[in-house]
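Below you'll find the structure, written out as structure tokens, and then a few comments.
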Amino acid sequence: MVSRRVQALLDQLRAQGIQDEQVLNALAAVPREKIR
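For the sequence shown, position 3 (counting from the first letter as 1) is numbered 3 according to full-length UniProt numbering, and the numbering increases by one without interruption.
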């Protein structure tokens, strides 16, 4: 289960054409402050 904020990010990325579930799962698993 992911937070609403993370789900919104994943939905936005999918809308932009990112469909690789491994990439999306990795982004969901890593804290946002670590991605920047």
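Just so it is clear, CB atoms sit at the ideal spot from N, CA and C, and this is done for glycine as well. Treat the numbers as computed from the prediction; the structure is a model and nothing was measured.
Nearest-angstrom Cα separation, counted from Gln7 out to Gln19: 14 Å
Would you mind giving the Cβ-Cβ distance between Ile35 and Leu24, rounded to the nearest angstrom? I have them listed as a contact below 8 Å. Incorrect: roughly 13 Å between the Cβ atoms, too far for contact.
Taking just the CA atoms, how far does Gln16 sit from Pro31? 21 Å
For Gln12, I'd like the list of residues in its chain whose CB is within less than 8 Å of its CB, leaving aside the five on either flank, ordered along the chain. none
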